[in-house]
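According to my numbering, the sequence shown is numbered sequentially starting from 2. Glycine included, every Cβ here is placed at the ideal spot set by N, Cα and C. These numbers were taken from a predicted model, which means no experiment stands behind them. Okay, structure first, notes after.
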Amino acid sequence: MEANIKRQNIREGIAARQESHEYRHGPAPIGFEKRNGKLVESADYDRVCTVLDMVARDDMSQRKAADELDSSRRTIRRAVEERGKLYGLV
């Protein structure tokens, strides 16, 4: 019962932060960093965009891009398929 109450309190806290626009869950996407709760382009943003564009056009494999950007293939796939607007791919 205590675990259920704790889960409910956590859900309510997350919902309250989401409504107040203060909720910044998880790490920043590749090519970005967080400053004061906002996403800001990092120093290598242009390089990341170039590599992701090559992946989107099938000029580079996800594996090679992951090696190039020192990240995982899952991160590359997510960036291209789900977050293309962040990188100007759409």
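Limits of the unbroken beta strand (DSSP E) element including residue i
i     : result
ARG84 : Premise fails: ARG84 is in no beta strand (DSSP E) and is neither H nor E.
Reduced DSSP secondary structure (H/G/I, E/B, other) of residue i
i     : result
LEU90 : coil
TYR24 : Because the pLDDT at TYR24 is just 49, under 50, the model does not fix this residue reliably, and the point stays unresolved.
ASP68 : helix
ASP59 : coil
Bridge partner(s) assigned by DSSP for residue i
i     : result
GLU42 : PHE33
Rounded distance between the beta-carbons of residue j and residue i, thought under 8 Å
i     : j     : result
GLY38 : CYS50 : The pair is not a contact, with the Cβ atoms about 23 Å apart (cut-off 8 Å).
| request: For the segment 50 to 67 and the segment 75 to 83, state whether three or more C-beta atom pairs, one from each stretch, are separated by less than 8 Å. | output: yes
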